[in-house]
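Numbering follows the numbering used here, with no gaps: position 93 of the sequence shown is 76. In what follows, a single structure is set out as structure tokens and then discussed.
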Amino acid sequence: MEVKIQAIHFDATEKLQEFIEKKVAKFGKFSEEIRKVEVSLKVVKPETSMNKEASIKVLASTGEFFAEKVCDTFEEAVDVCLDALVRQISKYKEKQRSH
């Protein structure tokens, strides 16, 4: 599984990149169909506290899934996105099984 991390208008720390890679690797075990995960990070409103946006696109053999969240930290935003993606993929799998 390929992982691409893009930080927009700032340099992501090595610690943040390692956090994301570890979370995405764990997420990748959820579904064998996942081929690529693209993570984009940006600060949306520097003057506010809830300003860290994470966008995660998952390319799988079964389709494309996407989640975008704004939180207080990038770590929290990534976690919330991955939780949303797990729900999306689970619903998709359930729908496929029922057809």
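We put the beta carbon where it would ideally sit given N, CA and C, even for glycine. A quick note: this is a predicted structure, and the numbers were derived from the prediction, not measured.
Excluding its 5 nearest sequence neighbours in each direction, V20 has C-beta neighbours in its own chain below 8 Å: M(-16), E(-15), V(-14), K(-13), V7, F10, G11, I39, K40, V41, L42, listed in chain order. In its chain, beyond the 5 residues on either side, F48 have a beta carbon closer than 6 Å to the beta carbon of Q71. Under the Cβ criterion (8 Å, minimum of three pairs), the segment -11 to 1 counts as touching the segment 24 to 33.
If you ignore the 5 residues before and after L65, its C-beta comes within less than 8 Å of the C-beta of K6, V7, F10, I39, A50, all in its own chain and listed in chain order.
Checking the DSSP bridge columns, you'll see V53 partnered with E36. Measuring C-alpha to C-alpha distances from I3 to each of E58, K76, S81 identifies E58 as the nearest.
For A(-5), no alpha helix (DSSP H) segment is defined, and its DSSP state is neither H nor E. Going by DSSP, S23 is part of the beta strand (DSSP E) stretching over 17 to 26.
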